[in-house]
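Heads up: the structure comes next, in structure tokens.
Protein chains: 2
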Amino acid sequence: MNSFQLDVRLTADTVFIGTFSLCEIRLMNDCRWPWLILVPRLVGAEEIHDLSPVEQAQIATETSRVATALKTHTNCSKINTGALGNIVRQLHIHVIARDENDPNWPGPVWGYGDREEYGEPELAEIVGRLQKMLSSGSGYS
Amino acid sequence: MNSFQLDVRLTADTVFIGTFSLCEIRLMNDCRWPWLILVPRLVGAEEIHDLSPVEQAQIATETSRVATALKTHTNCSKINTGALGNIVRQLHIHVIARDENDPNWPGPVWGYGDREEYGEPELAEIVGRLQKMLSSGSGYS
Numbered sequence: 002m003n004s005f006q007l008d009v010r011l012t013a014d015t016v017f018i019g020t021f022s023l024c025e026i027r028l029m030n031d032c033r034w035p036w037l038i039l040v041p042r043l044v045g046a047e048e049i050h051d052l053s054p055v056e057q058a059q060i061a062t063e064t065s066r067v068a069t070a071l072k073t074h075t076n077c078s079k080i081n082t083g084a085l086g087n088i089v090r091q092l093h094i095h096v097i098a099r100d101e102n103d104p105n106w107p108g109p110v111w112g113y114g115d116r117e118e119y120g121e122p123e124l125a126e127i128v129g130r131l132q133k134m135l136s137s138g139s140g141y142s
Numbered sequence: 002m003n004s005f006q007l008d009v010r011l012t013a014d015t016v017f018i019g020t021f022s023l024c025e026i027r028l029m030n031d032c033r034w035p036w037l038i039l040v041p042r043l044v045g046a047e048e049i050h051d052l053s054p055v056e057q058a059q060i061a062t063e064t065s066r067v068a069t070a071l072k073t074h075t076n077c078s079k080i081n082t083g084a085l086g087n088i089v090r091q092l093h094i095h096v097i098a099r100d101e102n103d104p105n106w107p108g109p110v111w112g113y114g115d116r117e118e119y120g121e122p123e124l125a126e127i128v129g130r131l132q133k134m135l136s137s138g139s140g141y142s
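Next up, the structure:
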């Protein structure tokens, strides 16, 4: 039996936050932007439009919850969302908090410079805050 | 009474294709990538997560229809979707067909080089083909 496994590159670049009903939520370990990723726990999923209508609606709901939490957490100017997958094919949805003075504003975050990891205390702090915000609704574990 | 008006920059950069129940569908007039945009006809909308659950689900459904049509039209390697809005704040969702040999692959399309307009016959051909594909389901006008 096939079971869901997180892509090795996503595993290396991100930190576990929690899970919703469908998606695993992870923080991109890049302190340049507050940046979360949702990964639907579906074996072989690559494109949103190939999923069932119910799965698509669930992704939309969970993405919206993450976006709302990130906006509240950061009070950012704009949320950017995207599903690209040109490098890592496993379906994952980016949710990023953007501000006028952040790196590469108003351009996209993808492909810009090199990832800069959080320091340990900073990482623990942001993970804790995001877990607290995301766990306030139903379906979080 | 306020009524929906398309942002002037989106008007200048894109070409009308048709409308679904919620969104206007437009082709980015940039022949470097087959690139469609959905604009929900909602006054003042900027962030998906601020919309009602019904509106969010409708956007997901219409985005999926556009992605499926674009994939069928192009037989591309990967669909990229995104809602950024860092420059044009009016909510709009990008759906782009990507291939390994296209400009800036595997990087994003946003912010890369300058837009290159279609020639007239080429534009008429792609608009016609996309209209035909998108109109095959319900709710298209």
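Protein sequences, first through last, are from chains S and D. The first sequence runs 2 to 142 under my numbering. The second sequence runs 2 to 142 under my numbering. Positions of the beta carbon are idealized from the N, C-alpha and C atoms, including for glycine.
Proximal residues of chain D, C-beta to C-beta of Gly112/S below 7 Å
Gly108 and Pro109
By alpha-carbon positions, which one of Trp34/D, Ile97/D and Tyr141/D ends up nearest to Tyr119/D?
Nearest to Tyr119/D by alpha-carbon distance, out of Trp34/D, Ile97/D and Tyr141/D, is Trp34/D.
Let me know if Ser139/D comes out buried or exposed under the rule of 16 or more other beta-carbons within 10 Å of its beta-carbon.
exposed
Endpoints, beta strand (DSSP E) assigned at Val40/D
Trp36 to Pro41
N-terminal and C-terminal residue of the beta strand (DSSP E) that Leu23/D is part of
Per DSSP, Leu23/D belongs to no beta strand (DSSP E) and is neither H nor E.
Are Val44/D and Asn81/D close, meaning C-beta to C-beta below 8 Å?
Contact flag unset, no.
Taking C-beta to C-beta, are Gln1/D and Asp8/D nearer than 8 Å?
Only positions 2 to 142 of chain D appear in the structure, and residue 1/D is not among them; the question remains open.
Does any C-beta atom of chain S lie closer than 8 Å to the C-beta of Glu56/D?
no
Taking Cβ positions only, does Ser65/D come closer than 8 Å to chain S?
yes
So, Thr15/D versus Ile49/D, is the Cβ gap smaller than 8 Å?
no
Nearest chain S C-beta to Ile49/D closer than 8 Å, yes or no?
yes
Who are the Cβ neighbours of Asp103/D in its own chain at under 8 Å, not counting the five residues just before and after it?
Arg33 and Trp34
Hey, is Asn102/D's beta-carbon within less than 8 Å of any beta-carbon in chain S?
With 8 Å as the cut-off, Asn102/D does not count as an interface residue toward chain S.
Tell me which same chain residues have a C-beta within less than 8 Å of the C-beta of Leu11/D, skipping the five on either side of it?
The residues are Arg27, Ile38, Val40, Val89, Gln91 and His93.
Among Ile97/D, Gly83/D, Leu52/D and Gly129/D, the one whose alpha carbon lies nearest that of Lys72/D:
Ile97/D
Report the residues of the region 88-102 of chain D with a CB closer than 7 Å to any CB of chain S, ordered along the chain.
Within the region 88-102 of chain D, the qualifying residues are Ile88 and Arg99.
So, for Tyr141/D: in the same chain, excluding its five sequence neighbours on each side, which residues have a beta-carbon less than 8 Å away from its beta-carbon?
Excluding positions up to five away in sequence, the list reads Gly19, Thr20, Phe21 and Leu135.
Does any C-beta atom of chain D lie closer than 8 Å to the C-beta of Leu85/S?
yes
If the cut is a Cβ gap below 9 Å, which residues of chain D does Lys79/S touch?
Glu47, Glu48, Leu85, Gly86, Asn87 and Arg90
Is the CB of Ala61/S under 8 Å away from at least one CB in chain D?
Chain D contact via Cβ: present.
Taking C-beta to C-beta, are His74/D and Leu131/D nearer than 8 Å?
yes
Keeping to the same chain, check which residues put their C-beta closer than 8 Å to that of Met3/S; ignore five residues upstream and five downstream.
First, the residue type needs correcting, since residue 3/S is Asn and not Met in the sequence shown. Taken in chain order, the residues that qualify are Val44 and Gly45.
What residue does the alpha helix (DSSP H) around His74/S start on, and which one ends it?
It spans Pro54 to Thr75 - the alpha helix (DSSP H) in which His74/S sits, taken as one unbroken run.
Report the three-state DSSP secondary structure of Ile88/D (helix, strand or coil).
coil
Arg116/S by DSSP, collapsed to three states: which one?
coil
Note down the Cα distance separating Lys133/S from Arg66/S, rounded to an integer number of angstroms.
Roughly 13 Å separates the two Cα atoms.
Measuring alpha carbon to alpha carbon, tell me which of Ala13/D, Arg99/D and Asp115/D ends up nearest Gly108/D.
Arg99/D
In whole angstroms, what separates the C-alpha of Pro1/D from that of Ala70/D?
No information on residue 1/D is available, as it lies outside the stretch 2 to 142 that chain D covers here.
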